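According to the working numbering, the residues represented by the sequence shown are 52 to 488, in order. For glycine and all other residues, C-beta sits at the position ideal for the given N, C-alpha and C. Small disclaimer: the values here were computed from a predicted structure and weren't measured. First up is the structure itself, then whatever we jot down about it.
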Amino acid sequence: MSNNSFKVSDDKLGKTASFPLLEGTLGHPTVDIQNLNRDMGCFTYDPGFTSTASCKSDITYINGDEGILLYRGYPIDQLAEHSNFLEVAYLLMNGELPSKAEYEKFESEITWYSKIHEKLRGFIEGFHYDAHPMAMMVGVVGSLSAFYHSELDVNDPEHRRISALRMLAKMPIIAAACYKHSIGDPFVYPRADLGYCKNFLNMMFARPSERFFIDEREYLNPAAARALDLLFILHADHEQNASTSTVRLASSTGANPYACIAAGIAALWGPAHGGANEAVLSMLAEIGDIKRVPEFIKRAKDKDDPFRLMGFGHRVYKNFDPRATIIRRTCHELLEKQASKDPLFELALGLEEVALKDSYFIERKLYPNVDFYSGIIYKALNIPVDMFTVMFTIARTAGWVSHWLELMADPSKRIGRPRQLYTGKPRRDYIATDRRG
Ligand code: ACO
Numbered sequence: 052m053s054n055n056s057f058k059v060s061d062d063k064l065g066k067t068a069s070f071p072l073l074e075g076t077l078g079h080p081t082v083d084i085q086n087l088n089r090d091m092g093c094f095t096y097d098p099g100f101t102s103t104a105s106c107k108s109d110i111t112y113i114n115g116d117e118g119i120l121l122y123r124g125y126p127i128d129q130l131a132e133h134s135n136f137l138e139v140a141y142l143l144m145n146g147e148l149p150s151k152a153e154y155e156k157f158e159s160e161i162t163w164y165s166k167i168h169e170k171l172r173g174f175i176e177g178f179h180y181d182a183h184p185m186a187m188m189v190g191v192v193g194s195l196s197a198f199y200h201s202e203l204d205v206n207d208p209e210h211r212r213i214s215a216l217r218m219l220a221k222m223p224i225i226a227a228a229c230y231k232h233s234i235g236d237p238f239v240y241p242r243a244d245l246g247y248c249k250n251f252l253n254m255m256f257a258r259p260s261e262r263f264f265i266d267e268r269e270y271l272n273p274a275a276a277r278a279l280d281l282l283f284i285l286h287a288d289h290e291q292n293a294s295t296s297t298v299r300l301a302s303s304t305g306a307n308p309y310a311c312i313a314a315g316i317a318a319l320w321g322p323a324h325g326g327a328n329e330a331v332l333s334m335l336a337e338i339g340d341i342k343r344v345p346e347f348i349k350r351a352k353d354k355d356d357p358f359r360l361m362g363f364g365h366r367v368y369k370n371f372d373p374r375a376t377i378i379r380r381t382c383h384e385l386l387e388k389q390a391s392k393d394p395l396f397e398l399a400l401g402l403e404e405v406a407l408k409d410s411y412f413i414e415r416k417l418y419p420n421v422d423f424y425s426g427i428i429y430k431a432l433n434i435p436v437d438m439f440t441v442m443f444t445i446a447r448t449a450g451w452v453s454h455w456l457e458l459m460a461d462p463s464k465r466i467g468r469p470r471q472l473y474t475g476k477p478r479r480d481y482i483a484t485d486r487r488g
């Protein structure tokens, strides 16, 4: 990093000061304002952090204008084409792609930790059958902190590595168990012979009591496993998004990592973030017919109507989302193999076509994001709609644990503690009355 300086001068404050201008490997220079309050006697105001870098990170780089997404320097399209989710998770966590021996060790460690304590099932079974699976994920993943607490030393790198592996390994088991609970099916135990994605599909769709009637080749087919693997790669990390920033903020206090990941899951759940894929399918179902597209486009543009086109727009990508380009292609490939076209995909393509020609969306640089299409693929894989954000959770765990590992190893880390612009009442005196009787 080369250091230049950034000068700030203000007549009202009567002060002038210089701040280091930091240059990263790629991207905009960043003004280091850590001493702004000390030197100028003021804070910065940046709701939604649109201009604020909250940390230094080596993990993921995004250029929103050019539609670039790099994991540890590797372009997302190259990883999507040649890699697999576990290799990408290793890359995110460790900084380099694994050698063959490193990959085999990593995979066998993930398989080793692919089990849950029988008592954890009690937490899952405690939920009402119609609980939203994301509500269950927040609670159950948070409860892992009670299982791994007393011997966990977050200052020990090996403890941290094992905690990260555990989270990556257990997330699909908990996700599938939540689904099985919601449909009243018995829990399906993980299988060591299947690999990460097929194991998840098996835990979701196997019905041991009906194994003579259901052909496991239907839900364990290689195309389904590959599509799932691809979605997991695309969703694995996205630098300082809302859920990752939540994980980092919670972790900055030294809190139990499983509880920090549960906080990330809570942040991911919202429709403005990971809940968008579920919201897209609900929206497409509500539109129902291509003839109704203009009516919904009109509503999306109406400032008095809270309706937004779900799956459109992104805080960072302002020309195209590179993940959406890859996923759109996969949608075509997967759905072309199906006997009949999914009408929702046809509807999504129609909606996209109309929106992309509309000046409202063009002027505001609103394009389909990754989640405009991910739900359609999940639907083709028979994943129920309320499990879509849970799928995102499994994938994003790779990113969350990588950021947690990075933060915990950073000697300069400090507790996250934003300031505020106070707009409440000025100081006033309490006047005693006899209203309390
Ligand atoms: N439909 C209609 N109008 C929109 C949409 C949309 N989906 N998104 C943004 N706009 C409009 C806003 O009303 C605003 O218009 P204005 O300038 O006339 O007031 C303008 O575009 C800018 O929007 P902001 O809300 O300021 O953009 P921001 O960067 O804060 O929000 C967000 C980004 C949250 C993704 C937003 O585009 C949105 O709500 N999209 C729909 C939800 C969605 O798909 N979320 C998934 C994000 S990707 C992910 O998490 C994996």
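Residue burial is scored here from C-beta neighbours: Ser159 has fewer than 16 other C-beta atoms within 10 angstroms and is therefore classed as exposed. Residues of the same chain with a CB within less than 8 Å of the CB of Leu458, apart from the 5 flanking positions on each side, are Cys106, Arg299, Ser302, Ser303 and Lys464 in chain order. For Met361, the CB falls within less than 6 Å of some heavy atom of ligand 1. CA-CA distance, Thr111 to Leu120, rounds to 7 Å. Pairwise C-beta distances place the stretch 241-254 out of contact with the stretch 401-413, as fewer than three of them are shorter than 8 Å.
Partner residues in the beta bridge of Thr111, as assigned by DSSP, are Tyr122. In this chain, the beta strand (DSSP E) harbouring Leu72 covers Lys66 to Leu73. Here the stretch 466-477 does not lie against the stretch 346-354, with fewer than 3 beta-carbon pairs under 8 Å apart. Rounded to whole angstroms, the Cβ separation of Ile225 and Val191 is 5 Å, and the two are in contact under 8 Å.
Exclusion of Leu395 from the 6 Å shell around ligand 1 follows from its C-beta lying no nearer than that to any non-hydrogen atom of the ligand. In the three-state DSSP reduction, Asp61 falls in the strand class (E or B). Around Ala220, the same chain offers Ile161, Tyr164 and Ser165 as residues with beta carbons nearer than 6 Å, after the five sequence neighbours per side are excluded. Shown here for Asp372: same chain residues with a beta carbon closer than 8 Å to its own, the five before and five after excluded, namely Gly118, His365, Tyr418, Pro419, Asn420 and Val421 in chain order. Ligand 1 never approaches Arg374 closely enough for any of its heavy atoms to be under 6 Å from the residue's Cβ. Residue state for Ser165 is assigned as coil, using DSSP reduced to three classes. Exclusion of Ala243 from the 6 Å shell around ligand 1 follows from its C-beta lying no nearer than that to any non-hydrogen atom of the ligand. Within its own chain, the residues whose Cβ lies closer than 7 Å to the Cβ of Ile284, once the five positions on either side in sequence are excluded, are Leu130, Ala131, Ser134, Phe136 and Val139, listed in chain order. Under a 10 Å Cβ-count criterion, Glu202 is classified as exposed, with fewer than 16 other Cβ atoms of the shown protein chains found around its own Cβ.
Val82 carries a strand assignment under DSSP once its states are collapsed to helix, strand and coil. The stretch 312-328 makes contact with the stretch 434-451, as at least three CB pairs between them are under 8 Å. Around the Cβ of Phe174, a 10 Å sphere holds 16 or more other Cβ atoms; the residue is buried.
Setting aside the 5 residues that flank it on each side, Lys63 has no residue in the same chain whose C-beta is closer than 8 Å to its C-beta.
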